[in-house]
Amino acid sequence: MSPTTRLAIYSSFINGKCINDHDTKDTLPDNHTPVVSPATNKAVLGFVPSTPQDVENAISAATEAFHATDDDTDDTASWSHHSQTSNRASILLSIANELRQNTTRLADLEVQQIGRPCKEMRFQLSRLPEWFEYYASLLRVHEESVKPFGPGYLNVTKRVALGVVVQITPFNHPLLITVKKLAPALAAGNTVVIKPSELAPASVIEFAKLCTKAGLPPGVLNVLLGGKEVGECLISDTRIVKVDFTGGPSAGKEIGRQAGANLCYVTQELGGKAPMIVMPPPGGTQLYTAEKLNEYLDPIVNGCAFGAFIASGQTCIAGTRAIVHESIYEIFKEKMVLKVKCFRMGHPECTDTTIGPVITSKQLSFMDTCVKEGLSSDLESLELLCGGKRYTAFQDEKEELNHGNWYEPTIIAVKQKSALTQEIHHNNILFQTELFGPILLLVPFSTTKEAITLANDTPYGLGCSIWTHDLVEAHSMADAVQSGIVWINDHHKNHPSSPWGGLKKESGVGRENGLDAYYEYTQTKSIVVNCNKFDSDWFKDADARYN
């Protein structure tokens, strides 16, 4: 890169502002780290990694903001105080308004960083104001409780903020996951230090600037930039009371160990290998003409394609395994292949692009290796229906994309139902490993019990979808599936009020969204008031009673 190249360089956001503003400079600072577009592997922006002093300054700013008082009135007026509840709600609504006005700009920045198609990102970011509006509304209606303590006593319980919390977010949904974590944390009165992925830091910094514009007090939100070393420095600080992490299970376990050393609260949304269970039409296929069977299957194929390939499969809840009843298995395979072949790879900025690249060349190699290993280990039982290799055939104005991290949308299927089906599913790397890419696996089943067994046969338990017209059966299956989120005739659907998290260890602990998230960012304070005349003396009165 030429030393005179004009490039936006981002720096840490501490105490209400960026500590260095390189956006308008023509030369790059020597210590910057480039952020490359996965579509071309060319640098599109950069950032200056946070130093240990930056970490100290951010935590100090957050600590001061949490405990601040009004020096003029000597009243406790910190961001966390109960008297500030209405003010917090108003600021959350102002943040929602700023987000709504800047959706396109922020979405285009995320497209630039992570290569997801602009159609996806503009729609996704258009929904982010809902989280701040939900928690603002929750603050206005949430009531404290009075417990039945006993005659003459009043027991008021309050939900109070935890303190300074750390949020570590991934590359795949830079702002969505930030917002899901930040909105309940701010609503509860915490102050926050965020470390976004070093692969996608810019949109989070731009969002932090909008929060200040919306009236968020200095120090309440801070953003530090960098990799693992910055996260470790944050988590090890004894002033941190909670760590909220989204990422892989191995990193989650290490973060849990580090946070546990300081007795921190921990919330973690980790890995997934979501099944999509496709049930046969009511009464069986023998009752359906070809036209009627198409009417039943086509929407399901469309839904499963969305579940598997949105974000190029780079989501923890991606529908990576379609578990399909044997009576419709062959036609489902045919329809899914035809669907996938209609996908369009191309410049993420183009509105007709439907599939983007994977995030890094390292991830590309990992996926490709897993596909080759998985297929070679079960040559007799598995078949590659489409894809299965890197894509480097872009031409003309798209030719520069051949330098990016592109993988063909891939479908791998168990050839047919056999006595070995469950064994293959249980032992093959493709069915047991989170591949985080545009790869869909198909496996047939005979009975509902077998479908549930296959669905639960991974270390993960985050998401699952069930596709059927029989809602009674669907609810029964939803109870049996070991997943924290179960969709019936849908996939990926998300809402601020709906709890989000896994049931099994490899998928994490705790919940995002809804009251659950608000409670996870608070703790209970119990205030016991003796309303009687206090005139007893335990040490003199022989008849005094304790409790």
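Its first residue numbered 1, the sequence shown is counted upward by one per residue in the UniProt record's numbering. Even glycine gets a Cβ: it sits at the ideal position worked out from N, Cα and C.
>> Check whether the stretch 138-153 and the stretch 230-244 are in contact - that is, three or more C-beta pairs closer than 8 Å.
In response: At 8 Å Cβ cutoff, the stretches do not touch.
>> Buried or exposed, going by whether 16 or more other CB atoms sit within 10 Å of the CB of His325?
In response: With 16 or more Cβ atoms within 10 Å of its Cβ, His325 is classed as buried.
> Expressed to the nearest angstrom, what Euclidean distance is found between the alpha-carbon atoms of Ser203 and Thr392?
Replying inline: Straight-line Cα distance between these residues: approximately 29 Å.
>> I'd like to know whether the C-beta atoms of Ala305 and Met279 end up nearer to each other than 8 Å.
In response: Going by C-beta atoms, Ala305 is not nearer than 8 Å to Met279.
> Would you call Val528 buried or exposed, if buried means 16 or more other Cβ atoms sit within 10 Å of its Cβ?
Replying inline: By the neighbour-count rule (16 or more Cβ atoms within 10 Å), Val528 is not buried but exposed.
> For Glu373, which of helix, strand or coil comes out of DSSP?
Replying inline: Looking at Glu373 - three-state DSSP - the assignment turns out to be helix.
> Span of the beta strand (DSSP E) holding Leu440?
Replying inline: For Leu440, the uninterrupted beta strand (DSSP E) run begins and ends at Ile439 to Phe445, by DSSP.
> In three-state DSSP terms, what is Leu385?
Replying inline: Annotated three-state conformation of Leu385 is strand, per DSSP.
>> I need the straight-line Cα distance from Glu295 to Thr104, nearest angstrom please.
In response: Cα to Cα, Glu295 sits roughly 36 Å from Thr104.
>> Here's the rule: buried if 16 or more other CB atoms are within 10 angstroms of the residue's CB, otherwise exposed. What is Ser236?
In response: That one is exposed.
>> For Gly227, would you say it is in contact with chain C, using Cβ-to-Cβ distances shorter than 8 Å as the test?
In response: The structure shown has no chain C; it contains just one protein chain.
> When DSSP builds the beta bridges, which residues end up paired with Thr51?
Replying inline: Looking at the DSSP assignment, Thr51 forms no beta bridge with any residue, so it has no partner.
>> By the three-class DSSP mapping on this structure, what secondary structure does Ser465 have?
In response: In the three-state DSSP reduction, Ser465 falls in the strand class (E or B).
> How close, in whole Å, do the beta carbons of Thr169 and Ile194 come, if the pair is a contact with beta carbons under 8 Å?
Replying inline: At roughly 7 Å, the Cβ-Cβ gap stays under 8 Å, so Thr169 and Ile194 are in contact.
>> My parser needs the beta strand (DSSP E) runs of 3 or more residues fully inside the stretch 214-286; what are they?
In response: List check, beta strand (DSSP E) in window: 221-223, 240-246, 265-269 and 274-278.
> How about Gly219 and Glu98: are their beta carbons less than 8 Å apart?
Replying inline: No, the Cβ-Cβ distance between Gly219 and Glu98 is not below 8 Å.
>> Just to confirm before moving on: does the CB-CB distance between Ala413 and Leu454 stay below 8 Å?
In response: Cβ distance not < 8 Å, so Ala413 and Leu454 don't count as in contact.
> Relative to the alpha-carbon of Gln101, which residue among Phe245, Phe207 and Ile310 has its alpha-carbon at the smallest distance?
Replying inline: With distances taken between Cα atoms, Gln101 lies closest to Phe207.
>> Would the stretch 392-407 count as touching the stretch 363-373 if we require 3 or more Cβ pairs under 8 Å?
In response: Yes, since at least three Cβ pairs between the stretch 392-407 and the stretch 363-373 fall closer than 8 Å, the two stretches touch.
> Which residues does DSSP pair with Cys18 in a beta bridge?
Replying inline: Answer is Phe13, bridged to Cys18.
>> Using the three-state DSSP reduction, which class does Gln523 fall into: helix, strand or coil?
In response: Three-state DSSP puts Gln523 in a strand.
> Where do the ends of the alpha helix (DSSP H) carrying Val472 lie?
Replying inline: From DSSP, the alpha helix (DSSP H) with Val472 extends over Leu471 to Ala480.
> Thinking just about the alpha-carbon of each residue, which of Glu198, Ala43, Thr354 and Leu375 is nearest to the one in Phe343?
Replying inline: Checked all of Glu198, Ala43, Thr354 and Leu375; the closest Cα to Phe343 is Thr354.
>> With a threshold of 8 Å on Cβ separation, who are the neighbours of Asp352 within its own chain once the five nearest residues in sequence on each side are excluded?
In response: Apart from sequence neighbours up to five positions away, the residues of its chain that approach Asp352 with a beta-carbon distance below 8 Å are Arg344 and Gly346, ordered along the chain.
> Is the beta carbon of Pro282 sitting closer than 8 Å to the one on His469?
Replying inline: Cβ atoms of Pro282 and His469: closer than 8 Å.
> Which same chain residues, not among the five before or five after Val486, have their C-beta less than 6 Å away from its C-beta?
Replying inline: Cβ within range, chain order: Cys464 and Ala478.
> Roughly how many angstroms lie between the CA atoms of His426 and Lys339, to the nearest whole one?
Replying inline: Between His426 and Lys339, the C-alpha separation is close to 28 Å.
> Is there at least one non-hydrogen atom of the ligand GTP closer than 7 Å to the beta-carbon of Gly115?
Replying inline: No copy of the ligand GTP appears in this structure; indeed no ligand is present at all.
> Between the C-alpha atoms of Lys273 and Lys372, what's the straight-line distance to the nearest angstrom?
Replying inline: Lys273 and Lys372: Cα-Cα distance of roughly 19 Å.
> So Lys147 is in the beta strand (DSSP E); what residue range does that whole segment cover?
Replying inline: Residue range Ser145 to Lys147 is occupied by the beta strand (DSSP E) that includes Lys147.
> With burial defined as no fewer than 16 other Cβ atoms inside 10 Å of the residue's Cβ, what is the status of Gly319: buried or exposed?
Replying inline: The C-beta of Gly319 has 16 or more other C-beta atoms within 10 Å across all chains shown, which makes the residue buried.
> Are at least three pairs of beta-carbons, each pair with one atom in the stretch 3-18 and one in the stretch 221-228, less than 8 Å apart?
Replying inline: Touching, yes, given that three or more Cβ pairs across the two stretches are closer than 8 Å.
> Nearest CA to the CA of Gly508: which residue from Phe245, Pro129 and His82?
Replying inline: It is Phe245 whose Cα lies nearest to the Cα of Gly508.
> For the putative contact between Leu430 and Cys370, defined by C-beta atoms under 8 Å, what is the C-beta separation to the nearest angstrom?
Replying inline: Sure, about 6 Å apart at Cβ, within 8 Å.
>> Using C-beta distances below 8 Å, list every residue in its chain close to Leu162, excluding the 5 sequence neighbours before and after it, in chain order.
In response: Excluding sequence neighbours, Leu162 sits near Ala188, Asn190, Val241, Lys242, Tyr265, Tyr521, Thr522 and Gln523.
> If you draw a straight line from the alpha carbon of Gly514 to that of Asp535, how long is it in whole angstroms?
Replying inline: Distance between Gly514 and Asp535, taken at the CA atoms: about 46 Å.
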